[in-house]
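Visitor: In terms of the working numbering, the sequence shown is numbered consecutively and its last residue is 389. In this text, a Cβ means the ideal position worked out from N, Cα and C, and glycines have one as well. Predicted model only: the values in this text are computed from it and were never measured.
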Amino acid sequence: MDVHGHHFNQQLQSQLHIPHTKRNPAMANKYVTQGLPAAPEISLKTLPMAGLLVDIYGLDELPPNVPVSCLWLLHPRTRSRETMNDIARRTVGAWGAHAGANPKRGLIALTFDMPNHGTRMVSESANHPWSKGNTTHALDMFGMVKGGVSDMSGLMDLVSGYLGLEIDGHVCLGWSLGGHGAWQAFFGEERIDAAVVIIGCPDFTGLMCGRAAGSKLDCGTDFIGSKYFPKDLIEICSKHDPKAVCFGTSPIPSSLSSAEQTRLRAILDERVRGKKLLLCSGGDDELVPYANTKDFATLLKDAVGEKGWYRDGGLEVDDRVYEGIGHKFSPKMVEDAVQFLVNAVERRPRNKAHVREGEKSVL
27 MDVHGHHFNQ QLQSQLHIPH TKRNPAMANK YVTQGLPAAP EISLKTLPMA
77 GLLVDIYGLD ELPPNVPVSC LWLLHPRTRS RETMNDIARR TVGAWGAHAG
127 ANPKRGLIAL TFDMPNHGTR MVSESANHPW SKGNTTHALD MFGMVKGGVS
177 DMSGLMDLVS GYLGLEIDGH VCLGWSLGGH GAWQAFFGEE RIDAAVVIIG
227 CPDFTGLMCG RAAGSKLDCG TDFIGSKYFP KDLIEICSKH DPKAVCFGTS
277 PIPSSLSSAE QTRLRAILDE RVRGKKLLLC SGGDDELVPY ANTKDFATLL
327 KDAVGEKGWY RDGGLEVDDR VYEGIGHKFS PKMVEDAVQF LVNAVERRPR
377 NKAHVREGEK SVL
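Quick look at the structure:
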């Protein structure tokens, strides 16, 4: 498949279950969810914003004189922003149907090319895994994840001015590579009220350890700290990757002391208090196995449960594993994601405004 003049990794395309199609080159990577009715027709405008081309769905459908929420969509590795057209149209259309004839809030969906993808491609080989000969796979991938989240935050700073709208709410959905980004945005961007993670992982280090073992890398005595996962990557993970933010390279303990609960409470209060999270994982996913998500997701679910130590934090975690599903955005995941996002937008923003002057994201 050739998109924007670049030949994409055929193995990953198969893993993502994105079919080969022949289309206009500008929309060659347009994706349609198989097994669901066609997504509604929703207006699309592409605008240059902060040095990025941004596809914006739903501007023409906005009601007048109401506040607006933004749905930020982060696409998979080896894909481009057009891949998110289906979920964008479904969610904006579902919100319009839900809001009815007299809506009190509007919703637009925005997506841009992740670093080294689509119009931003600089090195095709940097998108390949170790098994395809890319010795800097972990560095490249984390850089793209973190870079995409930083790009999203930069656009959030300016989107209201670019569009001339009262924008006071932000939610996000990420898929695969973008799913790792959605985890980081959920943990690191204060303005994100809710996130959907589609086949993404909160533990980048654990994910890479598994891939390294499968690729039979010559790492010496320890993969962590080797040239494949060097010290600077360890340090940056500890600042941005959710599991590493909480535990570094140490394993997640099976039980938490009161002192450890107090330490983690401070992290959760700063980063995710009052937020909503939907996790959608394939039970048969071999590229991003649920096993790399399970321990951290269980920690959060236990913390916010009826007798949990963080039950008063307003954090909601919905962890769904879809049996028989591999590394794909299945039709049921699509339906669940749309419903979750409509409900999240209905609840309105936690703080009713952008981060106040003087406050900073922890990205």
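1) Which of helix, strand or coil does DSSP assign to Val175?
2) Which value, in whole angstroms, describes the spacing of the CA atoms of Ser280 and Val197?
3) For Met27, which three-state DSSP category applies?
4) Where do the ends of the beta strand (DSSP E) carrying Pro93 lie?
5) In angstroms with no decimal places, state the Cα-to-Cα distance between Ala221 and Met170.
6) Suppose the cutoff is 6 angstroms on Cβ atoms and the five residues either side in sequence are ignored; what does the same chain contact list for Leu326 look like?
7) Thinking just about the alpha-carbon of each residue, which of His124, Ile218, Leu233, Met182 is nearest to the one in His163?
8) Which residue's Cα is closest to the Cα of Leu97: Trp121, Leu78, Pro66, Cys306?
9) So within the stretch 309 to 366, which uninterrupted alpha helix (DSSP H) runs reach at least 4 residues, ignoring any that extend past its ends?
10) Mapping DSSP to helix, strand and coil, what is Thr72?
11) Can you tell me which of the three DSSP states Tyr83 falls into?
12) Let me know if Lys302 comes out buried or exposed under the rule of 16 or more other beta-carbons within 10 Å of its beta-carbon.
13) Evaluate Ala64 with the Cβ neighbour count: other Cβ atoms within 10 Å of its Cβ, from every protein chain shown; 16 or more gives buried, anything less gives exposed.
14) Hey, would you say Met140 sits closer than 8 angstroms to Gly174, going by beta carbons?
15) Output the distance between the C-alpha atoms of Ala8 and Val371, rounded to the nearest integer angstrom.
16) Are Arg103 and Leu203 closer than 8 angstroms when you measure CB to CB?
17) What span of residues does the alpha helix (DSSP H) with Thr231 cover, start to end?
18) Rounded to whole angstroms, what's the CA-CA distance from Gly308 to Leu243? Just pull it up for me.
19) Between Gly274, Ala152, Cys245, Asp248, which lies nearest to Ile260 when the distance is taken from Cα to Cα?
20) Could you give the distance in angstroms between the alpha-carbon of Ile134 and the alpha-carbon of Val118?
21) Please work out which residues of its chain come closer than 8 angstroms, Cβ to Cβ, to Pro397, disregarding the five sequence neighbours upstream and downstream, and give them in chain order.
22) Comparing C-alpha positions only, which one of Phe322, Leu305, Pro129, Lys354 sits nearest to Phe366?
23) Taking 7 angstroms as the limit between beta carbons, can you name the residues of its chain near Asp347, skipping five residues before and five after?
24) Quick check: the Cα distance between Asp229 and Val185, rounded to an integer number of angstroms?
25) To which residues of the same chain is Pro375 closer than 6 angstroms at the C-beta, ignoring the five residues directly before and after it?
26) With C-beta atoms as the reference, is Trp335 less than 8 angstroms away from Ser241?
27) If you drop the 5 nearest sequence neighbours on each side, which residues of the same chain put their C-beta closer than 7 angstroms to that of Glu349?
28) Please report the straight-line C-alpha distance between Glu286 and Ile262, rounded to a whole angstrom.
29) Among the candidates Ile351, Asp311, Glu67, whose CA atom is the shortest distance from the CA of Tyr83?
30) Do Arg297 and Phe399 have their beta-carbon atoms positioned less than 8 angstroms apart in this structure?
Guide: Straight from the coordinates:
1) helix
2) 31 angstroms
3) At Met27 the pLDDT is 29, less than 50, meaning the model places this residue with poor confidence and gives no usable figure here.
4) Element bounds for Pro93: n/a, residue is neither H nor E.
5) 19 angstroms
6) Val343
7) Leu233
8) Trp121
9) 317 to 330
10) strand
11) strand
12) Its Cβ being crowded by 16 or more others within 10 Å, Lys302 is buried.
13) exposed
14) yes
15) Outside the shown range of the chain, which is 27 to 389, sits residue 8, and nothing can be said about it.
16) yes
17) 230 to 241
18) 26 angstroms
19) Ile260 has its Cα closest to that of Gly274, out of Gly274, Ala152, Cys245, Asp248.
20) 6 angstroms
21) No answer is possible for residue 397: it lies beyond the span of the chain, which begins at 27 and ends at 389.
22) Leu305
23) The sequence given here has Val at residue 347, not Asp. For Val347, where only same-chain residues beyond five positions count, the Cβ hits under 7 angstroms are Ser307, Gly309, Tyr316.
24) 30 angstroms
25) Asp194, Gly195, Asp219
26) no
27) Gly309
28) 22 angstroms
29) Glu67
30) The structure shown does not extend to residue 399, since the chain is modelled only from 27 to 389, so the question has no answer here.
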